[in-house]
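Engineer:
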Amino acid sequence: MPLRSFHKHPLRCLFAVSLLAVIGCSAVPGAITSTERTIIVLYTNDEHGWMEGVTPGQGAANLYDLWITQEGYYPEGPFLILSGGDNWMGPAVSTSVEGESMVQVMNAMHYAASAVGNHEFDFGLDVMQERIAEADFPYLSANTFRRDTKQVPTDLGIEPFTVVDVQGLRIGIIGLTTTSTPRTTNPTNVESLEFGDYEQALRATVPVVRSAGVDLLFVIAHVCMEPIRQLAALLDDLEIQMMGAGHCNELAAEQINDTVILGGGSHLTSYARASFQYDLNNRHLSGVDFSVHQNQASALDPDIAAIVQYWQQQAEAAMSVVIGFSAIAVDRRDPSLQQTFIDSWLLADATADVAISNGGGIRSALPAGPVTAGSVFGMLPFDNTIIATSLSGATLKQVLAAGTSPQVAGLLPTTNNWVEKKTGAVLEDKKLYRVLVNRFMYAGGDNYEGIAAADPEGFDTGISYRQPFVDWIKAQNSTASSPLQLQ
Ligand SMILES: [Zn+2]
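Under the working numbering, residues 1360 to 1846 are what the sequence shown spells out, in order.
(1) In this structure, how does DSSP classify P1740 when only helix, strand and coil are distinguished?
(2) For P1740 versus S1734, is the C-beta distance shorter than 8 Å?
(3) Alpha carbon to alpha carbon, how far is Q1526 from I1382? Give it in angstroms, no decimals.
(4) Evaluate contact between the region 1658 to 1675 and the region 1629 to 1642, counting only Cβ atoms and requiring at least three cross-stretch pairs below 8 Å.
(5) Kindly list the residues whose CB is nearer than 6 Å to the CB of N1608, restricted to its own chain and excluding five residues on each side of it in sequence; keep chain order.
(6) By DSSP, does S1749 sit in helix, in strand, or in coil?
(7) If you count every other CB in all the chains shown that lies within 10 Å of the CB of H1643, and 16 or more means buried, which is it?
(8) Taking 8 Å as the cut-off, decide whether the C-beta atoms of V1767 and I1701 are in contact.
(9) Taking the alpha helix (DSSP H) that Y1801 belongs to, which residues open and close that run?
(10) Excluding the 5 residues flanking I1832 on each side, which residues of the same chain have their C-beta closer than 8 Å to its C-beta?
(11) Can you name, in chain order, every residue of its own chain whose Cβ lies under 7 Å from the Cβ of L1705, other than the five neighbours on each side?
(12) In its own chain, which residues sit with a C-beta less than 7 Å from the C-beta of G1605, not counting the 5 before and 5 after it?
(13) Looking only at its chain, what residues have a beta carbon closer than 7 Å to the beta carbon of Q1835, apart from the 5 residues adjacent to it on each side?
(14) Do the CB positions of Y1402 and L1441 come within less than 8 Å of each other?
(15) I'd like the span of the alpha helix (DSSP H) that includes I1701, first residue to last.
(16) Which same chain residues, not among the five before or five after L1594, have their C-beta less than 7 Å away from its C-beta?
(17) Along the chain, where does the beta strand (DSSP E) containing Q1510 start, and where does it finish?
(18) Quick check on this structure: which residue in P1415, V1667, R1798 has the alpha carbon closest to the alpha carbon of G1720?
(19) In the DSSP assignment, find the unbroken beta strand (DSSP E) run with P1729 in it and report its ends.
(20) Determine the extent of the alpha helix (DSSP H) in which E1430 is found, giving its start and end residues.
(21) Measure from the alpha carbon of T1536 to the alpha carbon of each residue in T1547, V1522, L1552, then state which is nearest.
(22) Using the C-alpha atoms, what's the distance from P1694 back to D1830?
(23) Distance check for L1627 and S1615, CA to CA, integer angstroms please.
(24) Could you tell me the boundaries of the beta strand (DSSP E) in which E1395 lies?
(25) Based on the DSSP secondary-structure assignment, which residues constitute the bridge partners of T1536?
(26) For the beta strand (DSSP E) containing T1618, name the first residue and the last one.
(27) Taking the runs of the alpha helix (DSSP H) that are 4 residues or longer, which of them lie wholly in the region 1626 to 1698?
(28) Given V1549, which residues of its chain have a CB within under 7 Å of its CB, disregarding the five upstream and five downstream residues?
(29) Beta carbon of I1477: closer than 7 Å to some heavy atom of ligand 1?
(30) So, are the CB atoms of P1437 and T1397 less than 8 Å apart?
(31) Could you tell me the distance, in whole angstroms, from the CA atom of W1447 to the CA atom of F1482?
(32) Is G1752 buried or exposed, if buried means 16 or more other CB atoms sit within 10 Å of its CB?
(33) Whole angstroms is fine: what's the gap from R1691's alpha carbon to E1585's?
(34) Buried or exposed for A1839, please, with buried defined as at least 16 other CB atoms from any protein chain shown within 10 angstroms of its CB.
(35) Rounded to the nearest angstrom, what separates N1743 and V1651 at their Cα positions?
(36) Got a sec, what are the start and stop residues for the alpha helix (DSSP H) Y1557 sits in?
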């Protein structure tokens, strides 16, 4: 890689231009000629709090170092770092502080904007508002509206679009949020909101952005690639130069008509890149280029690494925080413990009818004495999340009969059927029920193959299967004189 050193700072290219012209120095980022500007987009989505790296070497500090060494990134340069949303919900280092750590990491990585993903709503609107206020970059969604006013909820900090200046070019960026959000975050959190049609939102917003005077127009969307391709084809007349996708964790870079489409993959393990050469004389694009890249084989950026390490220590400290008190040790197979655990899921999602856990799901006892977040982690140690499914009464009966010792919330058994605990109504074969299961079961573990077979569209809420139980314990405010009471 003989040119690597020249990528560190594009100005060097100006001095070396006569020497290197024949071997492609003009492609060095930020090379400014009098008539042309190059803008480089670095795009990620569905980061899901994975600042530490899903595997070693794939964390935020590696990615940022890669951008500096391979892409020639520098903060004042011709770069635009963008995210397609779902930044926060994920491992303990992010989720235990409701995404605050991830906002700090993304600030330090100089993100310029993020789409609002469905999981940005996971911690509730108040927390979302706090996170957005902490971010040095805007969270964008032009199709998220208050149900009553039909306006984008700017009171929460969400903006429909932003206009940024990069190397003298004005770039309009519009955000979109998946219309599946009421089903793919806790529905209670978004009761007051609605998520509108993508095309309508863009047709309404693009003229407003254009009237602000922009040279380039980008969309960052927490919307899967396939609908984005269709949108790009439908909206050719709007002359959008780039649309970034999200939500489906896809890694891709392609072009539909004149729109570059990017998907950055997920969990910061990869990114997509697009560069736009803009001719200042006739004020249009003279070239585009796009590609995808893995986050690998890079060193750690020391500043980002220090931030990640700080939050890892915070997460470890959070594990030793006492959240409750149990008078006695309770065996992991104790029916009341198992029932309390699965019932907590329905408390966390009031729109769900039923929750099911596999029998051996709890791995160790609830300890006697102080209960810490770490105790619950020991009881429920897996990287397992809650999946929301839609199952008919008939399927539900089959699933419960086939699965290995299911723990059930929301239903009570009768001689040869089940009744809804809330209403006493018998399970109806043809009626659809919102049923929460864990990812292990959805993948067919412990004889639960029937769930995914009946509902292949089951949605991973991203919420840890232990979180509702932690929340339940906290809500009991138990002490030595008033210990936890299980169901
Ligand atoms: Zn999503």
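Ideal Cβ positions, reconstructed from N, Cα and C, are used throughout, including at glycine. All figures in this text were calculated on a predicted structure; none of them were measured in a lab.
Structural biologist: The answer reads as follows:
(1) Coil, per DSSP.
(2) Here P1740 is not near S1734, since their CB atoms are 8 Å or more apart.
(3) Bear in mind that a pLDDT of 34 at I1382, under 50, signals an unreliable position, so the number given afterwards is only what the model happens to contain. Straight through space, the alpha carbons of Q1526 and I1382 are spaced by roughly 25 Å.
(4) Taking 8 Å as the limit for Cβ pairs, the verdict is that the region 1629 to 1642 does not touch the region 1658 to 1675.
(5) Excluding positions up to five away in sequence, the list reads D1405, S1625.
(6) DSSP, read as helix, strand or coil, puts S1749 in strand.
(7) Looking at its Cβ environment, which holds fewer than 16 other Cβ atoms inside 10 Å, H1643 is exposed.
(8) Contact flag set, yes.
(9) Segment 1798 to 1801, the alpha helix (DSSP H) holding Y1801.
(10) Listed in chain order, the non-local C-beta contacts of I1832 below 8 Å within the same chain comprise I1682, G1683, V1730, V1735, L1843, local neighbours out to five positions each way being set aside.
(11) In chain order, A1711, A1714, A1768, G1769 place their CB closer than 7 Å to the CB of L1705, counting only its own chain and leaving out the 5 sequence neighbours on each side.
(12) Excluding positions up to five away in sequence, the list reads N1404, D1405, G1443, G1444, D1445, A1474, G1476, A1580, H1581, V1582.
(13) Listed in chain order, the non-local C-beta contacts of Q1835 below 7 Å within the same chain comprise G1683, L1843, local neighbours out to five positions each way being set aside.
(14) Between Y1402 and L1441, the gap from beta carbon to beta carbon is short of 8 Å.
(15) Counting along the chain, the alpha helix (DSSP H) containing I1701 begins and ends at 1694 to 1707.
(16) Excluding positions up to five away in sequence, the list reads E1558, L1561.
(17) Premise fails: Q1510 is in no beta strand (DSSP E) and is neither H nor E.
(18) Residue R1798 is the option with its Cα nearest to G1720.
(19) Per DSSP, the unbroken beta strand (DSSP E) holding P1729 starts and ends at 1728 to 1731.
(20) For E1430, the enclosing alpha helix (DSSP H) covers residues 1419 to 1430.
(21) If we check each option's Cα against that of T1536, L1552 comes out closest.
(22) Straight-line Cα distance between these residues: approximately 20 Å.
(23) Checking the sequence, you will find Ile at residue 1615 rather than Ser. In a straight line, the C-alpha of I1615 is about 25 Å away from that of L1627.
(24) E1395 -> beta strand (DSSP E) spans 1395 to 1403.
(25) Looking at the DSSP assignment, T1536 forms a beta bridge with H1581.
(26) 1618 to 1623 is the extent of the beta strand (DSSP E) around T1618.
(27) 1661 to 1678, all fully within the region 1626 to 1698.
(28) These residues qualify, in order along the chain: F1480, T1540, P1541.
(29) Ile is not the amino acid found at residue 1477; the sequence shown has Asn there. Because some heavy atom of ligand 1 lies under 7 Å away, the Cβ of N1477 counts as near it: yes.
(30) Yes, Cβ-Cβ distance for P1437 and T1397 is below 8 Å.
(31) So the alpha carbons of these two residues sit roughly 10 Å apart.
(32) G1752 counts as buried, since at least 16 other C-beta atoms from the protein chains shown sit within 10 angstroms of its C-beta.
(33) The C-alpha of E1585 is placed about 44 Å away from the C-alpha of R1691.
(34) So A1839 ends up on the exposed side.
(35) Answer to the nearest angstrom: the Cα atoms are 29 Å apart.
(36) Unbroken alpha helix (DSSP H) run through Y1557: 1557 to 1570.
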